[in-house]
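Student: The opening residue of the sequence shown carries number 18 in the numbering used here; numbering runs sequentially from there.
The beta-carbon is built from N, C-alpha and C at its ideal position, and this holds for glycine as well.
Computed from a predicted structure; not experimentally measured.
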Amino acid sequence: MLKRMLLVLLCLALVLPAAALAEETAAPLPENVEMEGFAGDDEEDVGEIYDEPASIKGLKPLYTARIKPFTPTGTAIRMREQQSSESPGVCAIKKNEEITIYKVYPAYVLAEYNGKVGYVIRTWIDEDVTTIDPENTPPYGTVPSQFVATLTEKAPVYKAPSTRAEVNAIQPNAGSKVAVLEFVDGFAKVLYWRSYGYIEVSKLTDLVPVATTEEPLSSDTPIAAFCSFFEYNTGKEGNDGRCKNIVRSCESMTRVMQPGEQLDFNAQVGPYKRSNGYHPAPVLINGGSQLGYGGGTCQSSSTLYNTVRQLSGITILRRRPHGPGCARYLPMHQDAAVGSTELNFVFRNDYDFPIRIVAESTGEGTLCIQVFRGE
């Protein structure tokens, strides 16, 4: 009880008033614009649609990026008024044109192009993004967490910081760890697929801060943390195997890396066979899904990728996403596919000290990976 009271008090102290955003008038696309030749938005909006106005007032530019070539016939994309493929268009942006990014969301970016301000879906942004102020801006697409906490009971993940809000499908069970982005009105804000979710603070315990530098307060303080959500107990074919595979992969990912050492995910976590403790679960093969041993380990590799990307002393040597839309359980373009000679995730510890990777999952809703400074 004392832990919960302290946790609630800490949350209230951390809540900051939201900055008011002034709405700007955006010129819609003319009615007579020919739609053929436009690349379509991602086939599905995954997650909550945010109604924040497309305004850059009070914000500083963070990144510049180009619109990448997308389809054989597509020559332009639409900037939109809101974070939805159904939202009215602001303007058209041709491929290879440069945009300036002011804010990054799980599925969209708030950007400026030729004086127009709006939202651009991340699918069409070239991954070769330039950071305007690298010393004070995290790498594009990274999602630093402030805390790691453990659930005391099965917890709804709301779509807004209110118990009256709609509840997301995945409700992680007791013992599951979550990476907390910030506290909002008595709720822990977490990254949930291509959106944000909110968990009541009263359902959390064992709150641990994530170090803001690579000099942690203690050996128990992580220097990076990331959490992803997955479905469990769905009754779908292969779902139970997928959950077990995620738990099994955590055992292999948990290890110490010495300075200069590389981690080859397929070599470290594989082989993806029954003899190595893996179960049949859905895997993507030739654009389709079928059962195969080790299904679900791509979520493990992708969660690890998002964790180590937060660290300046880690060098990514090899990584490929799943495709244009990428994995739906993470922000767009932040996944790392594994499982074959062509698909692997490899990185190197370039720090002058060891790092300790701790991957944890109960198999009931979340996969949380923390990196600690080793001794």
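#1: Look up Arg336 in the DSSP assignment and say whether it is helix, strand or coil.
#2: Assign Asp369 to buried or exposed, taking buried as 16 or more other Cβ atoms, counted over all protein chains shown, within 10 Å of its Cβ.
#3: Along the alpha helix (DSSP H) that carries Gln387, what are the first and last residues, could you check?
#4: Measuring alpha carbon to alpha carbon, tell me which residue in Pro105, Ser101, Trp141, Tyr122 is nearest Lys85.
#5: For Ala354, which residues from the same chain have a beta carbon less than 7 Å from its beta carbon, with the 5 sequence-adjacent residues on both sides left out?
#6: How many angstroms separate the CA atom of Pro178 from the CA atom of Asn185?
#7: Quick one, are the C-beta atoms of Arg365 and Gln279 less than 8 Å apart?
#8: Please tell me whether Glu170 and Lys120 are closer than 8 Å, where the distance is taken between their beta carbons.
#9: Using a Cβ cut-off of 8 Å (strictly closer), state whether Phe243 contacts chain C.
#10: Run through DSSP, which three-state label would Ser266 get?
#11: Should Cys244 and Ala376 be called a contact, given that it needs their Cβ atoms to be closer than 8 Å?
#12: Looking only at its own chain, which residues have a Cβ that is under 6 Å from the Cβ of Pro371, when we skip the five neighbours before and after it?
#13: Which value, in whole angstroms, describes the spacing of the CA atoms of Arg345 and Val126?
#14: List, from N- to C-terminal side, the alpha helix (DSSP H) runs of 4 residues or more that fit wholly inside the region 282-327.
#15: Using 8 Å as the threshold, is the region 216-235 in touch with the region 285-302, meaning 3 or more CB pairs across them?
#16: Go through its chain and collect everything with a Cβ distance to Val63's Cβ below 6 Å, but skip five positions before and after it.
#17: For Tyr122 and Pro348, what's the separation of their Cα atoms in angstroms?
#18: Report all residues from its chain with a CB closer than 7 Å to the CB of Gly255; omit the five preceding and five following residues, and keep chain order.
#19: Which class does Lys85 belong to by DSSP, given the choice of helix, strand or coil?
Tutor: If we stick to the structure as given:
#1: For the purposes of this step, residue 336 is taken as the residue at position 319 of the sequence shown. Reduced to three states, the DSSP call for Arg336 is coil.
#2: Numbered from its first residue, the sequence shown carries residue 369 at position 352. Flag for Asp369 reads exposed.
#3: Counted from its first residue, the sequence shown places residue 387 at position 370. Per DSSP, Gln387 belongs to no alpha helix (DSSP H); it is in the beta strand (DSSP E), 383-390.
#4: Numbered from its first residue, the sequence shown carries residue 85 at position 68. For the residues Pro105, Ser101, Trp141, Tyr122, the minimum Cα distance to Lys85 belongs to Trp141.
#5: Within the sequence shown, the letter at position 337 stands for residue 354. Excluding its 5 nearest sequence neighbours in each direction, Ala354 has C-beta neighbours in its own chain below 7 Å: Cys315, Arg337, Pro338, His339, Leu360, listed in chain order.
#6: On the sequence shown, residue 178 is found 161 positions in, with the first residue counted as 1. On the sequence shown, residue 185 is found 168 positions in, with the first residue counted as 1. Rounded to whole angstroms, Pro178 and Asn185 show a C-alpha spacing of 12 Å.
#7: Position 348 of the sequence shown, counted from the start, is the residue given in the question as residue 365. Position 262 of the sequence shown, counted from the start, is the residue given in the question as residue 279. Cβ distance < 8 Å, so Arg365 and Gln279 count as in contact.
#8: Along the sequence shown, read from residue 1 onward, the residue named residue 170 stands at position 153. Along the sequence shown, read from residue 1 onward, the residue named residue 120 stands at position 103. It is not a contact, given that the beta carbons lie outside the stated cut-off.
#9: Among the chains in the structure shown there is no chain C, since it carries only a single protein chain.
#10: Residue numbering aside, residue 266 sits at position 249 when the sequence shown is read from its first letter. Residue state, collapsed to three classes: helix.
#11: Mapped onto the sequence shown, residue 244 falls at position 227. Mapped onto the sequence shown, residue 376 falls at position 359. Cβ atoms of Cys244 and Ala376: not closer than 8 Å.
#12: Taking the first residue of the sequence shown as 1, we reach residue 371 at position 354. Same-chain partners within the cutoff: Val273, Gln275, Gly391.
#13: Locating residue 345 in the sequence shown gives position 328, where the first residue counts as 1. Locating residue 126 in the sequence shown gives position 109, where the first residue counts as 1. Each residue's CA atom was taken as its position, placing Arg345 and Val126 some 17 Å apart.
#14: Annotation note: the region 282-327 contains the following uninterrupted alpha helix (DSSP H) runs of length 4 or greater, listed N- to C-terminal: 282-286, 314-325.
#15: As far as the Cβ criterion goes, the region 216-235 does not touch the region 285-302, which means the pair count is below three.
#16: As a first step, residue 63 must be located in the sequence shown, where it is residue number 46. Unreliable placement is indicated for Val63, whose pLDDT of 45 sits below 50; the coordinate value is still reported in the next sentence. These residues qualify, in order along the chain: Trp210, Arg211, Arg345.
#17: Taking the sequence shown and counting its residues from 1, the one referred to as residue 122 is at position 105. Taking the sequence shown and counting its residues from 1, the one referred to as residue 348 is at position 331. Going from the Cα of Tyr122 to the Cα of Pro348 covers about 8 Å.
#18: Within the sequence shown, residue 255 is the residue found at index 238, counting from 1. Excluding sequence neighbours, Gly255 sits near Pro297, Ala298, Pro299, Leu308, Gly312.
#19: Taking the sequence shown and counting its residues from 1, the one referred to as residue 85 is at position 68. Reduced to three states, the DSSP call for Lys85 is coil.
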